[in-house]
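So the protein lines, in turn, are chains A, B, C and D.
In the working numbering, each number is its position in the first sequence, counted from 1, plus 3.
In the working numbering, each number is its position in the second sequence, counted from 1, plus 3.
In the working numbering, each number is its position in the third sequence, counted from 1, plus 3.
In the working numbering, each number is its position in the fourth sequence, counted from 1, plus 3.
Here's the structure we're looking at; comments come further down.
There are 4 protein chains.
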Amino acid sequence: MRRRVGVWLFGARGSVATTTIAGAAALNHGSPPAGVVTELPAFAGAGLVPLVQLVFGGHDVVETPLAKRVEQLVAGGVLPPGLAGLIAAELAEADRNIVLLPTGGSQYDVVRRMAEDIRAFALRNDLERVVAINVASTEAPYEIAGGVAELRAALDGSEVLPASVLGALAAFEAGAAYIDFTPSTSIRPAAVREWAVEKRLPYGGQDAKTGETLVKSVLAPMFAARALPVHAWSGTNLLGGGDGATLADPRAAESKSISKERGLAEMIGDVAGEVHIDYVDPMGDWKTAWDHVMFSGFLGVRMTLQFTWQGCDSALAAPLVLDLARLSALALERGHVGAMPFLGFYFKDPIESTEHSLVRQYDELLRWVHAC
Amino acid sequence: MRRRVGVWLFGARGSVATTTIAGAAALNHGSPPAGVVTELPAFAGAGLVPLVQLVFGGHDVVETPLAKRVEQLVAGGVLPPGLAGLIAAELAEADRNIVLLPTGGSQYDVVRRMAEDIRAFALRNDLERVVAINVASTEAPYEIAGGVAELRAALDGSEVLPASVLGALAAFEAGAAYIDFTPSTSIRPAAVREWAVEKRLPYGGQDAKTGETLVKSVLAPMFAARALPVHAWSGTNLLGGGDGATLADPRAAESKSISKERGLAEMIGDVAGEVHIDYVDPMGDWKTAWDHVMFSGFLGVRMTLQFTWQGCDSALAAPLVLDLARLSALALERGHVGAMPFLGFYFKDPIESTEHSLVRQYDELLRWVHAC
Amino acid sequence: MRRRVGVWLFGARGSVATTTIAGAAALNHGSPPAGVVTELPAFAGAGLVPLVQLVFGGHDVVETPLAKRVEQLVAGGVLPPGLAGLIAAELAEADRNIVLLPTGGSQYDVVRRMAEDIRAFALRNDLERVVAINVASTEAPYEIAGGVAELRAALDGSEVLPASVLGALAAFEAGAAYIDFTPSTSIRPAAVREWAVEKRLPYGGQDAKTGETLVKSVLAPMFAARALPVHAWSGTNLLGGGDGATLADPRAAESKSISKERGLAEMIGDVAGEVHIDYVDPMGDWKTAWDHVMFSGFLGVRMTLQFTWQGCDSALAAPLVLDLARLSALALERGHVGAMPFLGFYFKDPIESTEHSLVRQYDELLRWVHAC
Amino acid sequence: MRRRVGVWLFGARGSVATTTIAGAAALNHGSPPAGVVTELPAFAGAGLVPLVQLVFGGHDVVETPLAKRVEQLVAGGVLPPGLAGLIAAELAEADRNIVLLPTGGSQYDVVRRMAEDIRAFALRNDLERVVAINVASTEAPYEIAGGVAELRAALDGSEVLPASVLGALAAFEAGAAYIDFTPSTSIRPAAVREWAVEKRLPYGGQDAKTGETLVKSVLAPMFAARALPVHAWSGTNLLGGGDGATLADPRAAESKSISKERGLAEMIGDVAGEVHIDYVDPMGDWKTAWDHVMFSGFLGVRMTLQFTWQGCDSALAAPLVLDLARLSALALERGHVGAMPFLGFYFKDPIESTEHSLVRQYDELLRWVHAC
């Protein structure tokens with residue numbers, strides 16, 4: 004009756020990954036599961052793998068020990084003081100399962116070696132199944148044309164493919180489910196999706212909605228349901244930390260903006276207004292978003308709604324990573340193949356779905372969970 | 004194929020009623036139906052009475068002509084300049100259908116005379132059916148014990164019953180559906196509800212959600228769906244105008260606060276924080292609400308969400324009055340008897356329902372509309 | 004005892020100019036002088052020209068009658084309904100004093116013809132003195148090197164100089180004081196300033212502070228006076244209307260941003276954070292600014308201050324134009340030559356001054372006014 | 004060349020006192036003096052006592068060691084982690100100087116014993132002078148009529164006088180300067196002030212401005228200087244912690260509200276709007292204030308300014324306690340007798356001053372500091 008599930012994280016020493024690993028350990032020591040949706044009573048009885056049976060590993064390009072990363076996150080107010088001591092054993096175990104991203108050889112070689120890392124992780128830890136989740140830095144947008152054959156050729160060629168694509172392929176080669184928590188290229192190209200289907204594996208994403216977009220995904224349906232025309236929706240996001248530094252690169256920010264804007268347009272149509280993502284170094288791991296919505300009521304009277312969201316992204320993201328690991332493990336168990344649109348609840352840019360209303364997405368998720 | 008429907012307004016010369024009557028006329032002259040939910044494509048084909056076939060009348064305690072009231076609302080920025088001239092004929096027609104609230108005799112006599120006024124309105128305008136809607140000032144809370152028999156006795160006694168109760172009974176006596184758009188007593192007592200059932204009539208309410216509570220009804224389910232514990236929810240409402248002056252009376256404000264707080268508790272449980280309703284005379288017909296929500300994420304990290312809503316209550320309420328008139332007319336046509344919980348979408352304190360999530364309420368309303 | 008003063012506006016049919024002319028007329032009909040600083044009791048006895056003795060004229064590139072522009076501003080909620088009728092005579096008088104900007108010939112010819120227009124205005128209206136104020140659209144930044152001699156040569160050359168420079172020179176040629184209400188080039192070049200001094204005339208500016216920067220100019224000194232280190236100051240400005248459309252051009256926005264940022268740096272040093280200026284067409288003549296300030300208290304605890312300003316720029320600017328006309332007329336009367344740093348109270352980028360604290364600027368202004 | 008100055012705190016184990024004592028120690032260990040106004044360059048050369056020469060003691064009704072209180076404030080995010088160890092010696096020293104408030108006997112006896120405690124503190128620590136500062140919980144308002152003779156009689160009578168009055172008298176009996184950091188009764192009665200003058204001692208207060216009122220004291224002068232009429236100013240303060248619990252008592256809140264509202268009325272006259280102080284337990288030591296200001300511009304156009312302040316009161320208050328100790332010691336040194344209106348910069352309800360503009364108060368303080 005073991006049934007251990009592996010969670011393979013691309014970017015395994017980053018803030019989201021560290022918070023996920025540390026948080027799972029803290030929950031096992033008795034912390035209340037705030038933010039873990041699959042711990043809500045509504046999910047009971049669905050046969051999800053218990054949190055205590057998740058085993059963490061992953062790839063990263065740095066070797067900073069997790070204990071060190073935890074200390075940094077404690078200093079930044081993301082994790083509670085005193086945590087590192089309590090969960091030292093779990094951090095050490097995860098450290099042993101995190102390996103450096105392979106380099107050298109063709110890109111195909113890299114994919115193969117990454118897949119071997121994942122398989123070795125499963126074998127070493129006696130895992131029933133593995134879910135791979137991309138929590139690495141956001142990449143710039145990238146187009147890949149053609150099908151699996153062209154992609155295979157490209158892997159042996161000189162065109163430098165995005166790291167997220169290599170990661171997704173490695174997951175599929177290793178028989179793992181794949182989730183993209185970011186807006187990177189990964190499973191966007193048709194060829195990558197076909198690859199997953201050939202391997203009879205599920206995939207999901209993209210770009211977890213944890214803050215401003217989360218709030219938008221309940222406010223926009225409100226305006227729609229009340230027939231209130233929205234004229235302009237403007238937003239400014241201030242963030243520091245590693246994520247902020249990445250998004251200070253306009254090309255990475257472009258990936259993020261595309262994800263962010265898709266939902267609004269699909270919920271209420273095209274409206275005026277821009278979305279800014281500002282890197283503000285002193286904000287550290289915290290994010291503040293201000294949104295200004297201009298709408299009109301009866302006979303065209305102009306009204307406004309503004310909101311300010313002040314959150315800590317890693318602390319909002321980490322419990323969702325746990326959810327996605329458990330839900331994807333269930334999909335694997337059920338033999339689900341291809342896109343998982345029923346996970347749209349978690350994403351700004353839900354794969355193969357145009358539903359962005361959070362409540363409807365939640366209800367859809369619950370229906371799938373209890374479908375068997 | 005006439006099928007005209009009467010809309011009988013208690014408080015027929017108030018801001019909400021005037022905006023409703025003027026707005027319906029403006030729509031018939033080609034204004035876009037912003038805020039009228041039943042004009043959304045999703046409601047097409049349900050056989051709702053066309054807006055142009057609504058006929059307005061009602062009771063009030065003052066005789067200010069509607070044209071004068073429209074002028075005041077134009078000056079307050081609620082209605083667009085130039086409207087009064089365009090819709091002069093419709094205002095004059097409605098003026099003829101608005102009568103003074105009867106006084107003198109027993110309370111039972113008052114009810115009978117009010118019912119006669121409603122029946123005369125139906126006859127004079129050749130109406131197929133009538134929906135009575137209470138848009139008068141909010142009353143203080145009032146308890147009525149016992150059943151129909153006790154209520155009949157009380158009507159002939161010396162205890163002064165709330166005006167909203169007399170209005171509801173008059174509606175039922177006249178064969179009209181009844182909606183309470185306010186948090187007053189009206190249909191709260193079991194005896195009043197039994198009276199409706201005896202007459203085989205539908206009723207609905209209470210306390211339209213148009214601003215702060217509307218936003219709460221989408222934000223609270225967001226926190227619930229994401230398993231984010233809310234620790235405190237505080238709100239301050241600033242409003243002027245007649246509504247503000249009424250709510251400056253702490254006893255009337257109590258009715259409003261009870262309605263306002265019910266939904267939050269049912270959506271996310273008891274949390275710290277107060278709700279203030281401040282009368283700020285210079286705000287006129289405009290309302291500003293600021294809400295501060297303190298919640299925690301993973302491992303207890305504290306985060307906040309604040310919003311500021313700046314709206315014009317009458318302009319938000321009026322299109323909903325039109326919706327409720329059309330939907331209640333449909334309920335009458337379908338022979339629905341008793342409470343209409345499927346109208347919960349419109350109310351802070353939805354009768355015979357504990358569902359407060361706006362999106363779920365909307366879906367439930369649509370299911371009922373298309374149920375036949 | 005006449006003592007009439009001319010106010011020559013560059014951009015005389017724009018929103019600020021129209022609001023100024025219409026507002027001055029409304030004040031003469033009895034409107035209270037909200038926003039006119041020089042009408043405060045503290046300015047009494049200083050011998051400022053009465054508002055009723057101001058006469059308006061100017062240059063523009065369009066010929067739309069002011070009455071039409073007033074109608075547009077009434078529709079946009081900037082001016083009160085019913086105003087146009089009341090002040091029809093004053094608008095017609097101003098219309099007669101507004102002429103098309105001359106074109107053709109060398110730039111020197113244009114300056115000479117503009118100066119003639121101003122002198123003709125003074126003669127025709129029997130004016131004691133004239134103050135010229137630039138309220139035209141913001142230009143892109145432009146550098147002019149050298150002194151008066153080089154500038155004279157450039158006026159006869161093929162290099163296209165900014166319109167604001169030609170306007171300033173025309174004012175000086177006509178013996179008028181000059182104020183730049185915008186961040187354009189105008190009096191920035193040393194050569195233009197020398198030109199004014201040669202003509203023994205005063206000049207002032209630049210870039211009126213009416214909204215976000217006004218608030219900054221009291222908040223930043225607060226942090227400084229309380230020794231609270233500010234780490235980041237971020238701002239987003241949403242605006243529509245003509246001003247918004249101009250600033251949607253990144254080169255014009257650059258002029259504005261330079262002005263906006265100067266004060267903050269001089270008040271509290273360099274801090275992180277960006278300032279966005281977004282053109283949001285549906286905002287019309289209204290502007291909303293949100294600012295987020297991150298600072299720390301004792302022992303480094305991080306705190307925040309946010310503000311949201313919702314104002315109508317033209318209605319904030321117009322009374323300041325009246326102030327500047329009166330104050331500059333006083334400077335002319337006193338024979339002041341060169342820069343007027345004592346007008347820094349009005350500007351984001353105060354000429355020959357590094358004082359940005361609004362209260363200190365106000366006290367300095369009052370001292371100058373009462374200096375004789 | 005010793006010149007050590009004693010700081011005697013009433014409420015010496017409260018949050019403000021603990022943060023003050025811990026903060027002074029941290030500064031002596033090299034923390035930057037954020038928030039300490041008297042460390043600004045502008046105060047150099049004024050002969051203020053160096054921070055390192057301040058010695059702390061005081062009265063309290065509890066005996067919780069300061070080290071324990073520091074731990075609690077670290078947990079609440081007020082003080083940085085790791086502080087307690089660094090400053091253990093200083094905390095222990097202060098602990099030795101803090102004594103229980105005497106009880107029993109007549110009130111006059113209590114005053115005498117309190118004065119003896121202060122004198123003993125001075126003697127034991129070889130202090131040149133002592134400044135007593137009230138940082139105890141806010142009391143309900145209390146009226147004391149008559150002069151010193153009546154007050155002496157009352158001290159021996161059965162009427163229970165506020166603790167803050169006994170503290171002020173004890174300070175004067177011990178030859179100490181006295182500052183009220185709270186809005187309590189203390190130095191409000193004429194008799195208490197006469198007592199100070201008889202003893203040739205200075206006193207100052209009341210009610211430190213650290214958050215919402217601080218911001219008001221720069222925004223209100225802005226509206227006044229720009230001649231913009233303010234119609235309504237509404238505020239909601241959310242706070243937890245001990246201060247919040249005290250202010251949840253409506254009688255204590257009344258003292259606070261009186262202080263808070265005085266400045267606004269003196270700066271811009273009477274305006275509509277209420278100020279709420281809500282106890283929100285989960286806020287802990289943090290405070291959030293939201294203010295909404297409705298004003299009008301030219302020709303009556305309505306505009307708004309809102310701000311949200313999120314601060315930690317103790318961390319804002321503590322450096323001001325250090326300032327007030329140093330400045331009052333200077334006043335003692337200079338032989339100043341009676342009220343110290345030049346300290347108005349620090350207070351919501353500045354004694355013997357009607358100036359509330361922060362910048363003018365700052366300039367006045369600097370003038371006094373450099374007056375010799």
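Here a beta-carbon is modelled for each residue, glycine too, at the ideal position from N, C-alpha and C.
Keep in mind that this is a model prediction, so the values were computed, not measured.
Next on the checklist: I'd like to confirm the pairing. Which residues does DSSP put opposite A380/A in its beta bridges?
Outcome noted: Not covered by the structure: residue 380/A. The range shown for chain A is 4 to 375.
Checklist entry - So what's L250/C in DSSP terms, helix, strand or just coil? => result helix
Next on the checklist: Assuming V133/D and A125/D are in contact, meaning their beta carbons sit under 8 Å apart, how far apart are those beta carbons, in whole angstroms?
Outcome noted: 5 Å
Checklist entry - If contact means a Cβ-Cβ distance below 8 Å, which residues of the segment 228-248 of chain A contact chain C? => result H234, A235, S237, T239 and L241
Item to check | Q313/A: first and last residue of the uninterrupted beta strand (DSSP E) it sits in | outcome: R305 to C315
Checklist entry - With a Cβ-Cβ cutoff of 8 Å, do A211/D and Y111/D count as a contact? => result One thing to note: A211/D has its Cβ no nearer than 8 Å to the Cβ of Y111/D.
Checklist entry - How long is the line joining the alpha carbons of M4/B and V55/B, rounded to whole angstroms? => result For M4/B, the predicted model reports a pLDDT of 44, less than 50, meaning its position is unreliable; a value from the coordinates is still stated below. One C-alpha to the other measures close to 14 Å.
Checklist entry - How many angstroms separate the CA atom of L267/D from the CA atom of D273/D? => result Straight-line Cα distance between these residues: approximately 8 Å.
Next on the checklist: Taking the straight line between their C-alpha atoms, what separation do you get for E215/C and R196/D?
Outcome noted: C-alpha separation (whole angstroms): 44 Å.
Checklist entry - Do E142/B and S331/B have their C-beta atoms within less than 8 Å of each other? => result no
Item to check | Proximal residues, the segment 265-290 of chain B versus chain D, C-beta separation under 8 Å | outcome: A275, G276, E277, H279, D281, V283, D284, P285 and M286
Checklist entry - Could one say the Cβ of T216/A lies closer than 8 Å to chain C's Cβ atoms, at least one of them? => result no
Item to check | Own chain residues within Cβ distance below 7 Å of A256/D, not counting five before or after | outcome: L250 and I280
Next on the checklist: DSSP has D281/D in a bridge; who is on the other side?
Outcome noted: L241/D
Next on the checklist: Quick check on DSSP: helix, strand or coil for Y181/C?
Outcome noted: strand
Item to check | Status (buried if at least 16 other CB within 10 Å, exposed otherwise) for L103/B | outcome: exposed
Next on the checklist: Checking the sheet assignment: what are the DSSP bridge partners for T12/A?
Outcome noted: A quick correction: the sequence has Leu, not Thr, at residue 12/A. Bridge partners of L12/A: G61/A and I136/A.
Checklist entry - Taking all protein chains shown into account, do 16 or more other C-beta atoms lie within 10 angstroms of the C-beta of E146/A, making it buried, or fewer, making it exposed? => result By the neighbour-count rule (16 or more Cβ atoms within 10 Å), E146/A is not buried but exposed.
Checklist entry - What number of angstroms, rounded off, separates the C-alpha of Y397/B from the C-alpha of D352/B? => result Nothing in the structure corresponds to residue 397/B, since chain B is present only between 4 and 375.
Next on the checklist: Between the segment 15-34 of chain D and the segment 310-318 of chain D, can you find at least three pairs of beta-carbon atoms closer than 8 Å?
Outcome noted: By the Cβ criterion, the segment 310-318 of chain D is in contact with the segment 15-34 of chain D, since at least three pairs of Cβ atoms, one from each stretch, lie closer than 8 Å.
Checklist entry - Whose C-alpha, out of I121/A, G108/A, A49/A and A78/A, is nearest the C-alpha of R99/A? => result I121/A
Item to check | Rounded separation between G244/A and S187/A - CA only | outcome: 19 Å
Checklist entry - Quick one: is L361/A buried, meaning 16 or more other Cβ sit within 10 Å of its Cβ, or exposed? => result buried
Checklist entry - Do the segment 235-243 of chain B and the segment 284-299 of chain B touch if we need at least three Cβ pairs shorter than 8 Å? => result yes
Checklist entry - Are the C-beta of M306/D and some C-beta of chain B separated by less than 8 Å? => result no
Checklist entry - Per DSSP, A292/B forms a beta bridge with which residues? => result N240/B and W312/B
Checklist entry - Does any C-beta atom of chain D lie closer than 8 Å to the C-beta of V102/C? => result At least 8 Å separates the CB of V102/C from every CB of chain D.
Next on the checklist: On the CB-based measure, 16 or more other CB atoms within 10 Å of its CB, does P322/C come out buried or exposed?
Outcome noted: buried
Checklist entry - Which one of V58/D, I354/D, A97/D and A177/D has the shortest CA to CA distance from R116/D? => result A177/D
Item to check | Against chain B: residues of the segment 64-84 of chain C by CB proximity under 7 Å | outcome: P84
Checklist entry - So, is E264/D buried or exposed, given that buried needs 16 or more other C-beta atoms within 10 angstroms? => result buried
Checklist entry - Apart from the five residues just before and just after P84/A, which ones in its own chain have a Cβ nearer than 6 Å to its Cβ? => result V77
Item to check | V168/B - containing alpha helix (DSSP H), residue span | outcome: A166 to E176
Checklist entry - Can you name, in chain order, every residue of its own chain whose Cβ lies under 7 Å from the Cβ of A334/B, other than the five neighbours on each side? => result A180, P205 and M343
Checklist entry - Counting contacts by CB-CB distance shorter than 8 Å, is W312/D in contact with chain B? => result no
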